[in-house]
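For reference, the structure is listed below as structure tokens.
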Amino acid sequence: MTTFITTPQGRHIACHRTPGREPGVVFLGGFRSDMTGSKALHLQAWAEATGRAFLRFDYSGHGASRGSFEELALSDWREDAAALIGLLTEGPQVLVGSSMGGWIALLLARDLPERVAGLVGIAAAPDFTERMWEEMTPADRSTLLETGVFHRPSDYSDEPYPITRRLIEDGRQNLVLQGPLHLPIPVRLLQGTADVDVPTPVALGLLDHISSPDLRLTLVKDADHRFSSPACLELITRMVEEVLVLSAPAEVQISNAS
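Mapping to this note's numbering: the sequence shown position 173 is 175, numbers consecutive.
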């Protein structure tokens, strides 16, 4: 059942919490996506079948959550994620971040290490606002700077989506590829070779940039940015299960192995 949570910042967030054993799994969706996508629902079904705690939600201005999308930016959505993790989960969680959600997961893992047990990135898109800026024509940039918004065509909707000046400027306050990114947790990155939104070199660069005791990148030939074919969904589940095992306390791993 979908419920609404009011965050400390006063935003009203739609979410769905599946009770179960810890560490739980938190799904962080992408830019302009919502918590009813195939990856989120697949992970919920897996959590229900295995008795694992699971949380999915809509960022403010997304899906069923309140707020105007054009007035919001990455800092707000990071705050939403941190607030719900703080209010609705117990102890360290495994974060599963898709596209922009991968960027937010990296920020949370860096800044709230006590609440993050592991990370699975699916076509993770760190610093994507800078790539948006670089891909704009001079005319597009002028429109953005003069009017505060540029409407960019989308492959996922008939309607173009707004890229605001605040989104670009706020993104520059949240970059993770400009400085050290040490994550003392298991990290798994999944990437499709046919992804035109987050090309494979982005994933390879992130693999090289992150410092982690257990970091792996899996490339899936011909998978696109949605990464939601049955084989891709199964791979996501396997990586989550792997990270859960690796993030378990040492005595639990020893017990399971005996």
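Think of the CB as a built atom: it goes at the ideal place given N, C-alpha and C, for glycine as much as any other residue.
Can you check which of these residues, the options, is closest to residue i by C-alpha distance?
{"i": "T195", "options": "S213, L219 and Q175", "result": "L219"}
{"i": "G199", "options": "L206, A42 and D226", "result": "Checking the sequence, you will find Asp at residue 199 rather than Gly. The shortest Cα separation from D199 among L206, A42 and D226 belongs to D226."}
{"i": "T149", "options": "Y158, P164 and D157", "result": "P164"}
{"i": "R190", "options": "P201, G181, A205 and Q180", "result": "A205"}
{"i": "K223", "options": "L179, H153 and P201", "result": "P201"}
{"i": "A119", "options": "S214, I238, L235 and Q11", "result": "S214"}
{"i": "P10", "options": "V96, P182, D78 and R143", "result": "D78"}
{"i": "R58", "options": "T166, R174, F71 and G31", "result": "G31"}
{"i": "P94", "options": "A84, E50, R80 and G39", "result": "A84"}
{"i": "E73", "options": "D172, A42 and G99", "result": "D172"}
{"i": "T166", "options": "V151, F6 and Y158", "result": "V151"}
{"i": "K1", "options": "V98, L86, D82 and F6", "result": "An answer regarding residue 1 cannot be provided, because it is not within the stretch 3 to 260 covered by the chain."}
{"i": "H211", "options": "P182, V247, L221 and P115", "result": "P182"}
{"i": "V245", "options": "P186, P203 and L221", "result": "P186"}
Please classify residue i: is it buried, with 16 or more other beta-carbons within 10 angstroms of its beta-carbon, or exposed?
{"i": "A141", "result": "exposed"}
{"i": "Y61", "result": "buried"}
{"i": "L147", "result": "exposed"}
{"i": "G88", "result": "exposed"}
{"i": "F29", "result": "buried"}
{"i": "A252", "result": "Note that A252 scores a pLDDT of 49, beneath 50, so its modelled location is shaky; the value from the coordinates is reported in the next line. Counting Cβ neighbours within 10 Å, A252 comes out exposed, since fewer than 16 surround it."}
{"i": "P128", "result": "buried"}
{"i": "G53", "result": "exposed"}
{"i": "G12", "result": "exposed"}
{"i": "R80", "result": "buried"}
{"i": "D197", "result": "buried"}
{"i": "R117", "result": "buried"}
What does DSSP give as the partner residues of residue i in its beta bridges?
{"i": "G123", "result": "G99 and L191"}
{"i": "C17", "result": "T5 and F59"}
{"i": "H227", "result": "Beta-bridge pairing links H227 to no other residue."}
{"i": "F152", "result": "I165"}
{"i": "L146", "result": "Answer is none; L146 lacks a bridge partner."}
{"i": "T220", "result": "L192"}
{"i": "V198", "result": "Beta-bridge pairing links V198 to no other residue."}
{"i": "S213", "result": "H184"}
{"i": "R68", "result": "Paired residue(s): none; R68 is not in a bridge."}
{"i": "L30", "result": "G99"}
{"i": "R117", "result": "The partner list for R117 (beta bridge, DSSP) is empty, contrary to what the question assumes."}
{"i": "R54", "result": "R23"}
If we ignore side chains and look at the alpha-carbon of each, how far apart do residue i and residue j end up?
{"i": "P232", "j": "G22", "result": "25 Å"}
{"i": "P188", "j": "E243", "result": "12 Å"}
{"i": "G26", "j": "G123", "result": "16 Å"}
{"i": "T4", "j": "T20", "result": "10 Å"}
{"i": "F130", "j": "L108", "result": "13 Å"}
{"i": "A75", "j": "L169", "result": "5 Å"}
{"i": "Q46", "j": "G104", "result": "18 Å"}
{"i": "Q255", "j": "R143", "result": "Its pLDDT being 49, under 50, Q255 is placed unreliably in this model, and the value from its coordinates should be taken loosely. Going by the C-alpha atoms only, they are around 53 Å apart."}
{"i": "T139", "j": "T8", "result": "39 Å"}
{"i": "L90", "j": "Q193", "result": "29 Å"}
{"i": "F56", "j": "F33", "result": "21 Å"}
{"i": "E50", "j": "T38", "result": "16 Å"}
{"i": "P162", "j": "R154", "result": "5 Å"}
{"i": "W48", "j": "G207", "result": "31 Å"}
{"i": "L237", "j": "L217", "result": "16 Å"}
{"i": "S156", "j": "F229", "result": "17 Å"}
{"i": "C234", "j": "A126", "result": "15 Å"}
{"i": "Y158", "j": "S35", "result": "10 Å"}
{"i": "M134", "j": "S101", "result": "14 Å"}
{"i": "F71", "j": "L43", "result": "23 Å"}
{"i": "L86", "j": "R174", "result": "24 Å"}
{"i": "A250", "j": "E24", "result": "9 Å"}
{"i": "E136", "j": "L209", "result": "22 Å"}
(request) Would you be able to state if there are at least three C-beta pairs under 8 Å between the region 8-16 and the region 49-66? (result) Verdict: yes, contact present.
(message) Taking 8 Å as the cut-off, does the region 109-119 touch the region 172-189 (at least 3 CB pairs, one atom from each stretch)?
(response) Segment contact: the region 172-189 against the region 109-119, three or more CB-CB distances shorter than 8 Å; contact assigned.
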